[in-house]
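So the structure is just underneath, and the comments pick up after that.
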Amino acid sequence: MKIYVLHSGQPSARRLAHHLGCASGTELPEQAPPVIVQWGNAGLSRSFGCILNGSLAIRLAMNCRLRERLLSLNAIPVLGMQEKAHTIRRYHAIVFQQEVVALYKASGISLREYARPAPQDELYKEIDLNVSSRELRYIMQFAVRSVYCLGLDFACVQFGVRSDGGIRVLDVMPAFSMHDDLAVRMAELIAAFANRYTEDQSTTIIFGADPEFMLADSSGRMLSASEFFPRFGRVGCDRVVQRDQNSPNSLPVAELRPEPAATPKDLFRNLYRAMLLGIKKTAPSDAVWLAGGMPFAGYPLGGHIHFSGIAPNSQLLRALDTYLALPVFMLEGEGSMSRRPRYGFPGDFRKAEHGGFEYRSLPSWLCSPKATRGIFALSVLIAASYRSLKKNLFIYPSVQRAFFTGSKIEIARYIPDIWEEIEALPLYGDYMDYLSPFKHQIWGADAWEEGEDIRLAWKLPPYNNWYIPNTPTGLCYNTEGNMPEQEREVYG
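Okay, so the sequence shown: first residue is 709 according to the working numbering, each after it adds one.
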């Protein structure tokens, strides 16, 4: 038995357990299964294993003031406790992890005085999730993000739409009523998660990246990447349209798209090859390469990591938030703070067509080759070992506040414990040559400088003239930890 439903006598919990085909009760059995669904607050947290809806998360969701504060920090529109709004439409979204399971729309009349109708005053009818509607698209996005940022795995998120079209979260309920059809759908998603979570990773995980950068002339004026790079290819332009240009062909953000790989070393090598291609395309221009979080105001940059061969779930994303995003946070420049909360929020991800996903919380780490190697290695290690990582620091409102406000002093106190747990992982030794220099960089609070040309740190032309663009063999920055950084290897 992989799943147990812990509840306080709610009929919906018993209904869910019935469709899961698992045991349930008001107390844990002596030998608890690996996955526990907590329906209502029975006091279980992460330390008991894989708890879906831990007690800390439930308390956050049930505390109106804290819930409002956390949703607002994450740029999720929420109705204030004392705020009155004219809600002309209301919805209930049922969420399990990264999925909206069902969406219901109220059939009641518009409310002109009160924002929150009593449940018995309205009837809700299920609507199609595939309807092309901007309002519904935002509601589903906010529903998933609301559940995630509160530390929950499932909930019913209530929404109201004001007369001006503004969407507001009205409530987040960790336990809710379910009819049989909804219980069946919830059971299918929970069972699929439990099977993936408890089975050994048999598929090789492939990693990729698409870090962004921007170009400037010698005077610091922004240059459009589309002047040098095509839309697609190993070095290309991102889809962000320059705000002061009417032409959709003016794309200011450049993007490196290295060939995916199964190891940090190979991905780093492929990234460097893409950078060399970028050097060819920008020569003989004096264009400066800039990275980080936001080298130009209004243009946030990302350093996205791609995972193939592993499906996203909240436990993996929260491990990436705590064990990857927080260490990287210690190196970020001021521009990285400016991109949040709209971009780079905890758990920022996008599903990929190949079944994997893209983790999007990091700024562009191209400022530092040492950080790049460490980030690649840490991503590989976390994906392989996330079930053994116990912390979810973003469950604490103080950590979320520090993350969004840029308080490195607050986050620094957690870094030693994070790294101690990382070093205790069985696979840590495989990546120590990459992670030890990264650790020293973090411990030194060696924040990257977003105004510097990244080609200098990467020893690329024009700062080193060893690379001849027209030769068939490319020279690559050394990735071996047992050799001096100044050495280079030749890759044919």
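Where a beta carbon is used, it is the ideal one built from N, C-alpha and C, also for glycine.
request  = In angstroms with no decimal places, state the Cα-to-Cα distance between L752 and P742.
outcome  = 13 Å
query = Do the segment 1014–1022 and the segment 1123–1140 touch if we need at least three Cβ pairs shorter than 8 Å?
reply = no
ask   = Between the beta-carbon of H1012 and the beta-carbon of R1047, is there less than 7 Å?
value = no
inquiry  = Can you check which of these residues, T990, L1097 and N978, is closest to Y1031 by C-alpha distance?
reply    = L1097
inquiry  = What does the alpha-carbon distance come out to for the pair E1193 and R853?
reply    = Caution applies to E1193, whose pLDDT of 39 falls short of 50 and renders its modelled position unreliable; the value that the coordinates give is listed next. Spanning the two alpha carbons is a distance of roughly 41 Å.
task = Just the C-alpha distance for D1029 and I987, rounded to the nearest angstrom, thanks.
result = 33 Å
task = At 3 residues or longer, and completely inside the segment 1105–1187: list those beta strand (DSSP E) runs for me, N to C.
result = 1182–1185
Any 3 or more C-beta pairs closer than 8 Å across the segment 791–800 and the segment 913–926 = no
query = If you draw a straight line from the C-alpha of G1082 to the C-alpha of E963, how long is it?
reply = 20 Å
inquiry  = Taking the alpha-carbon of G1055 as reference, which of E791, N761, Q806 and P966 has the nearest alpha-carbon?
reply    = Q806
request  = Can you tell me which of the three DSSP states V973 falls into?
outcome  = A small correction: the amino acid at residue 973 is Lys; Val does not occupy that position in the sequence shown. In this structure, K973 counts as helix in the three-state DSSP scheme.
query = With 16 other CB atoms within 10 Å as the buried threshold, where does Q746 fall?
reply = buried
key: Residues bridged to A962 (per DSSP)   = F921 and C945
key: Local conformation of F850 per DSSP, three classes   = helix
inquiry  = Going by DSSP, what residue range makes up the beta strand (DSSP E) through G868?
reply    = F862 to R870
Neighbour-count burial assignment, K813, 16 or more Cβ in a 10 Å radius = buried
query = With 16 other CB atoms within 10 Å as the buried threshold, where does H1201 fall?
reply = Since the displayed the chain opens at 709 and closes at 1200, residue 1201 lies outside it and no answer follows.
message = According to DSSP, K988 sits in a beta bridge with which residue or residues?
response = Looking at the DSSP assignment, K988 forms no beta bridge with any residue, so it has no partner.
key: Contact with chain C by L931, beta-carbon distance below 7 Å   = Going by chain labels, chain C is absent from the structure shown, which holds only one protein chain.
key: For F867 and E821, the rounded distance between their alpha carbons   = With a pLDDT of only 41 at E821, under the threshold of 50, the placement of this residue in the model should not be trusted; the figure read from the coordinates follows. Taking the straight line joining both Cα atoms gives about 16 Å.
key: Three-pair Cβ contact test at 8 Å for the segment 980–994 versus the segment 923–938   = yes
message = So for T734, helix, strand or coil by DSSP?
response = coil
request  = For Y669, count neighbouring Cβ atoms within 10 angstroms of its own Cβ and tell me buried if that reaches 16, exposed if not.
outcome  = As shown, the chain starts at 709 and ends at 1200. That puts residue 669 outside it, with no answer to give.
query = How long is the line joining the alpha carbons of R1196 and G1001, rounded to whole angstroms?
reply = Confidence at R1196 is low in this model, with a pLDDT of 46, below 50, so the placement of that residue should be treated as unreliable; the coordinate-derived value is given next. Roughly 29 Å separates the two Cα atoms.
request  = State whether the segment 1083–1091 contacts the segment 969–976, with contact taken as three or more CB pairs (one from each stretch) at a distance under 8 Å.
outcome  = yes
inquiry  = At 4 residues or longer, what runs of the alpha helix (DSSP H) sit wholly inside the segment 1012–1077?
reply    = 1022–1028, 1034–1037 and 1042–1047
ask   = Less than 7 Å separating the beta-carbons of I1103 and G859?
value = yes
query = Between the Cα of L831 and the Cα atoms of L844, S815, R1050 and R845, which residue gives the shortest distance?
reply = S815
ask   = Who are the near neighbours of F850 in its chain, counting only those whose CB is closer than 6 Å to its CB and skipping five residues on each side?
value = I784
ask   = Whose C-alpha, out of S716, A765, R1163 and G916, is nearest the C-alpha of P1105?
value = A765
task = Using 10 angstroms around the beta-carbon of H715, count the other beta-carbons present and answer buried if the total reaches 16, otherwise exposed.
result = buried
message = Less than 7 Å between the beta carbons of L1074 and A999, yes or no?
response = yes
message = To the nearest angstrom, how far is the alpha carbon of G678 from that of F1146?
response = Any answer about residue 678 is impossible in this case: the structure gives the chain only from 709 up to 1200.
query = Distance, Cα to Cα, A1154 vs V877?
reply = Correcting the residue type first, residue 1154 is Asp in the shown sequence and not Ala. So the two alpha carbons sit approximately 39 Å from each other.
query = Between which two residues does the alpha helix (DSSP H) carrying T906 extend?
reply = D888 to T906
request  = Keeping to the same chain, check which residues put their C-beta closer than 8 Å to that of A1211; ignore five residues upstream and five downstream.
outcome  = Not covered by the structure: residue 1211. The range shown for the chain is 709 to 1200.
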